[in-house]
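Participant: 245 is the number that the working numbering gives the last residue of the sequence shown; the numbers go up by one with no jumps.
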Amino acid sequence: MVYYAVCCMRGDKMILEEVTSPFLRLGYGVLDAVPGIVAAVLILIVGYLVAYIVSKIVGGVLDRIKFDRWVLHKTNVHKFIGSFKLSSFLELITKWYVFILFLPAAANVINFGALQNFLLDVAKWIPQVIGAVVIGLLGIMAADYVAMKVVATHAKSAALIASVAKILILIFTVIIVLDQIGLKVDIARNSFLIVLAGIMLGLALMFGIGFGFAMKDDAKKWLDKIKKSV
Numbered sequence: 016m017v018y019y020a021v022c023c024m025r026g027d028k029m030i031l032e033e034v035t036s037p038f039l040r041l042g043y044g045v046l047d048a049v050p051g052i053v054a055a056v057l058i059l060i061v062g063y064l065v066a067y068i069v070s071k072i073v074g075g076v077l078d079r080i081k082f083d084r085w086v087l088h089k090t091n092v093h094k095f096i097g098s099f100k101l102s103s104f105l106e107l108i109t110k111w112y113v114f115i116l117f118l119p120a121a122a123n124v125i126n127f128g129a130l131q132n133f134l135l136d137v138a139k140w141i142p143q144v145i146g147a148v149v150i151g152l153l154g155i156m157a158a159d160y161v162a163m164k165v166v167a168t169h170a171k172s173a174a175l176i177a178s179v180a181k182i183l184i185l186i187f188t189v190i191i192v193l194d195q196i197g198l199k200v201d202i203a204r205n206s207f208l209i210v211l212a213g214i215m216l217g218l219a220l221m222f223g224i225g226f227g228f229a230m231k232d233d234a235k236k237w238l239d240k241i242k243k244s245v
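This is the structure:
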């Protein structure tokens, strides 16, 4: 009976250890990760303070050089962004970009694998998103600027050419933005290049034919002069 009781106690102890050991390992893992998490939080706090200071410096410089007034003078970008200040947008981008630079350092001091990998992925991806936003904004400004300059020539069909150029630049900008954030746009890019080549060929033929008709009378006079001289 005593032997049987001892065996039962050992069996119960083994079962208890099997049940509690996963929770114990989890608890030890959390305890091991706490110092790293605290250090990571401190790094992120310092990073945010540095990012805030740098962004305010950038914003002050942009205000001093009257960046928003210059952009509005050169382009009609206010049609797309309204009363939104471009300098404030660049200041915001600067702050978060500098802050993101501290994410890998914070991730390296964390001993919790899943969270570390997540922070590293975020640190790699967010700059791409910021770059995509900047490219998109520059593309809109470029499209509007080119269209405005084409219309200002007052050439025949200038409005049509300006609209086509603006649409092409915007489409090209969208393709670059999608590629920047990691989306596969090879088919769209190739299709756009084919369409662009067709449009350029059509414009070349149109201008060539128009130039030929415009110079028809002059060419006839030149040929007559050559015949007389011969």
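Quick reminder that beta carbons are idealized off the backbone N, C-alpha and C, glycines included.
Which residue's Cα is closest to the Cα of Gly197: Ile145, Thr168, Leu152?
Facilitator: Numbered from 1 along the sequence shown, position 182 holds the residue referred to as residue 197. Comparing Cα-Cα distances from Gly197 to each of Ile145, Thr168, Leu152, the minimum goes to Ile145.
Participant: Note down, in chain order, each residue of its chain lying with its Cβ closer than 7 Å to the Cβ of Ser102, except the 5 sequence neighbours on either side.
Facilitator: In the sequence shown, residue 102 corresponds to position 87, counting from 1. Same-chain partners within the cutoff: Gly74, Leu77, Asp78, Phe82, Asp83.
Participant: Quick one: using the 10 Å Cβ neighbour count with 16 as the cut-off for buried, is Lys181 buried or exposed?
Facilitator: Residue 181 sits at position 166 when you count from the first residue of the sequence shown. Under this definition Lys181 is a buried residue.
Participant: Taking C-beta to C-beta, are Ser178 and Ala157 nearer than 8 Å?
Facilitator: Within the sequence shown, the letter at position 163 stands for residue 178. Within the sequence shown, the letter at position 142 stands for residue 157. Against a cut-off of 8 Å, the Cβ pair of Ala157 and Ser178 comes out as no contact.
Participant: Using only CA atoms, which one of Gln195, Pro142, Ala121, Ala174 lies nearest to Tyr112?
Facilitator: By 1-based counting over the sequence shown, the position of residue 112 is 97. Nearest option by C-alpha distance: Pro142.
Participant: Please confirm whether Thr109 and Ile150 have their CB atoms less than 8 Å apart.
Facilitator: One-based indexing of the sequence shown puts residue 109 at position 94. One-based indexing of the sequence shown puts residue 150 at position 135. Cβ atoms of Thr109 and Ile150: not closer than 8 Å.
Participant: I need the straight-line Cα distance from Ala167 to Ile191, nearest angstrom please.
Facilitator: In the sequence shown, residue 167 corresponds to position 152, counting from 1. In the sequence shown, residue 191 corresponds to position 176, counting from 1. Each residue's Cα considered, the two are about 28 Å apart.
Participant: State buried or exposed for Val49, treating a residue as buried only when at least 16 other CB atoms are found within 10 Å of its CB.
Facilitator: For this step, residue 49 is matched to residue 34 along the sequence shown. By the neighbour-count rule (16 or more Cβ atoms within 10 Å), Val49 is not buried but exposed.
Participant: Can you list, in chain order, the stretches of the beta strand (DSSP E) that have 3 or more residues and sit fully within the segment 113–170?
Facilitator: Fully enclosed beta strand (DSSP E) runs of 3 or longer: not present.
Participant: Does DSSP classify Ser102 as helix, strand or coil?
Facilitator: Here residue 102 refers to the residue found at position 87 of the sequence shown. In this structure, Ser102 counts as helix in the three-state DSSP scheme.
Participant: Leaving aside the five residues before and after Ala138 along the sequence, list all residues of the same chain whose C-beta is less than 6 Å from its C-beta, in chain order.
Facilitator: Within the sequence shown, the letter at position 123 stands for residue 138. The residues are Ile115, Leu118, Pro119.
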